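2 protein chains.
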Amino acid sequence: MAYELFYWPGIQGRGEFVRLALEDSGTAYTDVARQPESEGGGVPALMKLLQNTELERPPFAPPFLRDGSLVISQSANILQYLGPKIGLAPRDEAGRLWAHQLQMMVTDFIKEAHDTHHPVGSSLYYEEQKPEAMRYTQNFLDVRLLKYLGYFERVLERNSKGPQYMVGDCASYVDTSMFQIVEGMRYAFPNAMAKAESLVPKLVALHRQVSSREKLAAYLASNRRIPFNEKGIFRRYPELDLPSRSS
Amino acid sequence: MAYELFYWPGIQGRGEFVRLALEDSGTAYTDVARQPESEGGGVPALMKLLQNTELERPPFAPPFLRDGSLVISQSANILQYLGPKIGLAPRDEAGRLWAHQLQMMVTDFIKEAHDTHHPVGSSLYYEEQKPEAMRYTQNFLDVRLLKYLGYFERVLERNSKGPQYMVGDCASYVDTSMFQIVEGMRYAFPNAMAKAESLVPKLVALHRQVSSREKLAAYLASNRRIPFNEKGIFRRYPELDLPSRSS
Numbered sequence: 008m009a010y011e012l013f014y015w016p017g018i019q020g021r022g023e024f025v026r027l028a029l030e031d032s033g034t035a036y037t038d039v040a041r042q043p044e045s046e047g048g049g050v051p052a053l054m055k056l057l058q059n060t061e062l063e064r065p066p067f068a069p070p071f072l073r074d075g076s077l078v079i080s081q082s083a084n085i086l087q088y089l090g091p092k093i094g095l096a097p098r099d100e101a102g103r104l105w106a107h108q109l110q111m112m113v114t115d116f117i118k119e120a121h122d123t124h125h126p127v128g129s130s131l132y133y134e135e136q137k138p139e140a141m142r143y144t145q146n147f148l149d150v151r152l153l154k155y156l157g158y159f160e161r162v163l164e165r166n167s168k169g170p171q172y173m174v175g176d177c178a179s180y181v182d183t184s185m186f187q188i189v190e191g192m193r194y195a196f197p198n199a200m201a202k203a204e205s206l207v208p209k210l211v212a213l214h215r216q217v218s219s220r221e222k223l224a225a226y227l228a229s230n231r232r233i234p235f236n237e238k239g240i241f242r243r244y245p246e247l248d249l250p251s252r253s254s
Numbered sequence: 008m009a010y011e012l013f014y015w016p017g018i019q020g021r022g023e024f025v026r027l028a029l030e031d032s033g034t035a036y037t038d039v040a041r042q043p044e045s046e047g048g049g050v051p052a053l054m055k056l057l058q059n060t061e062l063e064r065p066p067f068a069p070p071f072l073r074d075g076s077l078v079i080s081q082s083a084n085i086l087q088y089l090g091p092k093i094g095l096a097p098r099d100e101a102g103r104l105w106a107h108q109l110q111m112m113v114t115d116f117i118k119e120a121h122d123t124h125h126p127v128g129s130s131l132y133y134e135e136q137k138p139e140a141m142r143y144t145q146n147f148l149d150v151r152l153l154k155y156l157g158y159f160e161r162v163l164e165r166n167s168k169g170p171q172y173m174v175g176d177c178a179s180y181v182d183t184s185m186f187q188i189v190e191g192m193r194y195a196f197p198n199a200m201a202k203a204e205s206l207v208p209k210l211v212a213l214h215r216q217v218s219s220r221e222k223l224a225a226y227l228a229s230n231r232r233i234p235f236n237e238k239g240i241f242r243r244y245p246e247l248d249l250p251s252r253s254s
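These protein sequence lines map, in sequence, to chains A and B. Here the first sequence stands for residues 8 to 254, where the numbers follow my numbering. Here the second sequence stands for residues 8 to 254, where the numbers follow my numbering.
The structure is reproduced here in structure tokens:
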């Protein structure tokens, strides 16, 4: 049976990191909440599993993946589980730990990117926390963005197998995640990102290389790829795309 | 050779989740940055590894663990690696994925707990972000705290082996992490936590049980346990320990 991915149907969000790996590897999967309700899909199917009180090991929040009797959540955990099965993880334990560690940094990064528009709390609207968002974002773009991107660039520079992949000499889910970070930041903060990219050429090259892989390019051109929008992690609010103080 | 843990010497912080597992299992380890500088320890030893440009796979930040030639960072990743070796992880793959998933939620939770005093950014002082901290914390205590603790309580309730452990019928690093969350929240938010605890009796019982384990109790009573302070994740700022709006 194909893997079943459960995620909110209207956004890329955290589920997209899993989708990209599934699509890049050409793995069969059902994006459950995007199937018609009449066929057992939609948000009701997602909520049914999320609220199933019979489930001994319930997920806290989407995304989660069902593989037979296993239900796994947390995107980095899902990717760690899937990676070796879909040919997007290193073969050795040290490589897998390293890939997972990098993916956990992706998790940290997207939490911070998300908080640019929700620095007080997800239960409030952006419009209710705009002053805080302005201040948070200034710090994020001035300090945090380059700390993360600079680190990822360093990882590519130091890879003894060359800067074509994040981990050793094999394609992994970390590469597709790097693609998504660059893509998302370009959408949300075109000005700040244009400046940042000049400092991380290897990361930009990796983004280009990943986006031109056959299966991934086909996915990106398809309607399976949900466009970025202002309900996801990466949102374009021009008032937040501030000129850096240090510029 | 004993495991070498690298973490800031003056705080419990994220390193404490690793320390607790090492101590509870009676595992030999060196807390490198807490050793005398004259013996190759101290912060210089930590910085030396962190800034070592020869390292192909550098950590982003402490904590990191060195085991021979492996350097692993991200506390949840370290615990996933150590767990099976020190007898604090389930034997089966499904159990390990589940334990790790719960540990990643601990990571998420302590990031949010940390942000109560640093909602704008870690590079600024608390005093520079106090209004934002007040508003963030209100939301954290009103909405987020019980969402997390309620989930952990549910995990204990649904454990078919009983509520003595978070995962199946074996002690794991998730239990020691639950201990630390309860302990830290009691320190930082005594009022809010007293109220919250009445709703999560199984979690409170787990905290009590973990704290009375022989090796852990000895550790907690020793000077190896750094006291909570206002430089770590859990800080006691009485002005933030607000009465809940929903009370």
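Quick reminder that beta carbons are idealized off the backbone N, C-alpha and C, glycines included. Being a predicted model, the structure only gives us computed values, none of them experimental.
Its Cα nearest to that of H125 (chain B), the residue B:K137 stands out among B:K137, B:Q216 and B:D115. Under a criterion of Cβ atoms nearer than 7 Å, no residue of chain A is adjacent to W15 (chain B); the nearest Cβ is some 17 Å distant.
With three or more CB-CB distances shorter than 8 Å, the region 153 to 162 of chain A counts as touching the region 200 to 214 of chain A.
Following the DSSP letters along the chain, one finds T183 (chain A) inside the alpha helix (DSSP H) bounded by residues Y180 to A195.
Residue pairing for D31 (chain A): DSSP places it in no beta bridge. Taking 8 Å as the upper bound for CB-CB distance, L104 (chain B) and Y172 (chain A) are not in contact here, some 25 Å apart. The closest CA to that of F186 (chain A), considering only A:M8, A:E23 and A:I79, is found on A:E23.
Minimum Cα-Cα distance from P250 (chain A) among the listed residues A:M200, A:S229 and A:V25 corresponds to A:M200. Cβ neighbours of L227 (chain B) within its own chain (closer than 7 Å, five residues either side excluded): S218. In the three-state reduction of the DSSP assignment, Y36 (chain A) falls in the strand class.
Counting only the Cα atoms, A28 (chain A) lies some 10 Å from I85 (chain A). A residue is called buried once 16 or more other Cβ atoms fall within 10 Å of its Cβ, and E46 (chain B), having fewer, is exposed. Put simply, of B:E61, B:L57 and B:L62 the residue whose alpha carbon is nearest the alpha carbon of F71 (chain B) is B:L57. Beta bridge pairing from DSSP links Y132 (chain B) with no other residue.
Annotated three-state conformation of E11 (chain A) is strand, per DSSP.
Annotation for A203 (chain B): L152, L153 and L156 place their beta carbon closer than 7 Å to its own, counting only its chain and skipping 5 residues before and after. Secondary structure of R73 (chain A) (DSSP, three-state): strand.
Residues of chain B whose Cβ lies closer than 7 Å to the Cβ of N84 (chain A) are, in chain order, L104, H107, Q108 and M111. In the three-state scheme derived from DSSP, where H, G and I count as helix and E and B as strand, V78 (chain A) is classed as strand. Nearest to K222 (chain A) by C-alpha distance, out of A:L12, A:G20 and A:G33, is A:G33.
The shortest CA-to-CA distance from R193 (chain A) to any of A:D182, A:D176 and A:H214 is the one to A:H214. For A96 (chain A), no alpha helix (DSSP H) encloses it, and the DSSP letter there is neither H nor E. A212 (chain B) counts as exposed, since fewer than 16 other beta carbons sit within 10 angstroms of its beta carbon. The shortest CA-to-CA distance from I117 (chain B) to any of B:P245, B:K168, B:I93 and B:G191 is the one to B:G191.
With a contact defined as Cβ atoms closer than 8 Å, H121 (chain A) and I240 (chain A) qualify at about 5 Å. Fully enclosed beta strand (DSSP E) runs of no fewer than 3 residues occupy 36 to 38 of the region 36 to 69 of chain B, in order along the chain.
Annotation: the continuous alpha helix (DSSP H) that includes D115 (chain A) extends over E100 to D122.
Taking a Cβ-Cβ threshold of 9 Å, the residues of chain B close to Y88 (chain A) are E100 and L104, in chain order. Contact between L77 (chain A) and A101 (chain B) is confirmed by a C-beta separation of about 6 Å, below the 8 Å threshold. Taking C-alpha positions only, V189 (chain A) is separated from N166 (chain B) by approximately 40 Å.
Taken in chain order, the members of the region 134 to 168 of chain B whose beta-carbon sits within less than 9 Å of a beta-carbon on chain A are Q136, P138, E139, R142, Y143, Q145, N146, F147, D149, V150, R151, K154, Y155, Y158, R161, V162, R165, N166 and S167.
Put simply, the CB of V127 (chain B) is near chain A, with a gap under 8 Å to one of its CB atoms. For the options A:H107, A:N198 and A:L12, the alpha carbon positioned closest to that of Q145 (chain A) is the one of A:N198. For R64 (chain A), the chain B residues whose C-beta falls within less than 7 Å of its own C-beta are W105, listed in chain order.
Rounded to whole angstroms, G94 (chain A) and Y180 (chain A) show a C-alpha spacing of 9 Å. Under a criterion of Cβ atoms nearer than 8 Å, the residues of chain A adjacent to K118 (chain B) are, in order, D115 and K118.
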